[in-house]
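Numbering (full-length UniProt numbering), first residue to last: 1 to 283. Where is the CB? At the ideal position from N, CA and C, for every residue including glycine.
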């Protein structure tokens with residue numbers, strides 16, 4: 001392999017130069033012993049990337065396995081990849097919600113690529129060692145296996161909900177007198193008084209009213225109409241202290257409701273009851 005017209009030695013010989021920090025930096029060196037090694041390029045979801053990154057450091061322990069399924073009846077052409085299915089299963093995941101089975105979709109058209117690595121530091125304090133790790137033979141796009149689509153949807157919803165939830169923190173503030181936390185003058189006092197007033201009114205309205213006998217209530221209503229000829233429903237309920245629905249039933253039988261005119265919104269006795277009440281008046 002030639003770089004800039006120079007032959008690259010595959011041995012461990014190299015040229016060195018020293019920088020200002022007395023660190024030896026390698027130049028004009030590229031390790032190509034692994035250049036012909038076939039490698040796969042996988043486009044992984046973040047869940048898989050985290051699972052592979054958190055895998056044990058022991059090189060002998062596998063982190064995943066790839067299952068290749070071939071249908072011999074579908075195609076006899078060795079170059080036809082449509083009859084081949086690839087599935088990858090992770091060995092283990094730290095999160096219980098992470099999926100373990102994925103389908104690998106192989107891309108047939110991609111730019112030829114090679115994989116390079118650079119060593120950061122070795123025992124000789126030499127930096128800048130570049131190595132060709134291999135060339136890309138196949139490129140795959142990963143997606144959850146069909147049997148895990150429902151679980152994958154649940155995982156996406158949980159992830160979206162978690163990203164939308166604001167995290168709250170409790171902190172202890174030192175050397176604070178509390179002056180900046182004081183309410184503005186009259187703000188809390190007014191709101192507290194309004195709340196108490198509303199509470200008292202609602203409590204009084206919730207008091208259960210006891211029904212009187214119908215005959216007794218009719219006598220009370222007739223006496224009220226002797227006092228004045230027109231009453232609103234609210235006034236009659238306050239005067240008699242009776243339930244609203246029960247009071248409306250009695251008024252429907254005894255009175256006429258004025259929908260318009262000068263006395264709109266009030267009740268008055270029906271004509272037959274007006275005559276009877278006038279006859280019973282003392283002369």
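With fewer than 16 neighbouring CB atoms inside 10 Å of its own CB, residue 46 falls in the exposed class. Here the C-alpha atom of residue 232 lies approximately 14 Å from the C-alpha atom of residue 245. Secondary structure at residue 271: helix, using DSSP grouped into helix, strand and coil. DSSP, read as helix, strand or coil, puts residue 251 in helix. With 16 or more other CB atoms across the displayed protein chains lying within 10 angstroms of its CB, residue 48 is buried.
With contacts defined as CB atoms closer than 8 Å, residue 63 and residue 88 fail to qualify as a contacting pair. In the three-state reduction of the DSSP assignment, residue 102 falls in the strand class. With contacts defined as CB atoms closer than 8 Å, residue 107 and residue 146 fail to qualify as a contacting pair. Counting the other Cβ atoms within 10 Å of the Cβ of residue 164 gives fewer than 16, which makes it exposed.
Nearest to residue 68 by alpha-carbon distance, out of 85, 258 and 90, is 85.
Residue range 214–227 is occupied by the alpha helix (DSSP H) that includes residue 225, with no beta strand (DSSP E) assigned at that position.
Spatial neighbours of residue 225 in its own chain (CB-CB distance under 6 Å, excluding positions within 5 residues in sequence) are listed in chain order as 269. Taking a C-beta distance under 8 Å as the contact criterion, residue 153 and residue 38 do not qualify as a contact pair. When C-alpha distances from residue 254 are compared across 217, 235 and 239, the shortest belongs to 217.
Looking from the CA of residue 250, the closest CA among 260, 212 and 261 belongs to 212. Here residue 136 is near residue 41, since their CB atoms are less than 8 Å apart.
Around the C-beta of residue 257, fewer than 16 other C-beta atoms lie within 10 Å, and the residue is accordingly described as exposed. The shortest CA-to-CA distance from residue 43 to any of 222, 138, 73 and 34 is the one to 138. Close CB contacts of residue 229 within its chain, under the 7 Å cut and outside five residues either way in sequence, are with 268 (chain order). When secondary structure is reduced to three states using DSSP, residue 48 falls in the helix class. Cβ contact annotation for residue 144 (same chain, cutoff 7 Å, sequence separation greater than five): 99, 102 and 152, in chain order. Here residue 210 has no same chain residue with a Cβ atom under 6 Å from its own Cβ, once five neighbours each way along the sequence are excluded. Residue 34 and residue 117 have their C-alpha atoms spaced approximately 11 Å apart. According to DSSP, residue pairing for residue 136 in a beta bridge involves 39. Distance between residue 104 and residue 120, taken at the CA atoms: about 32 Å.
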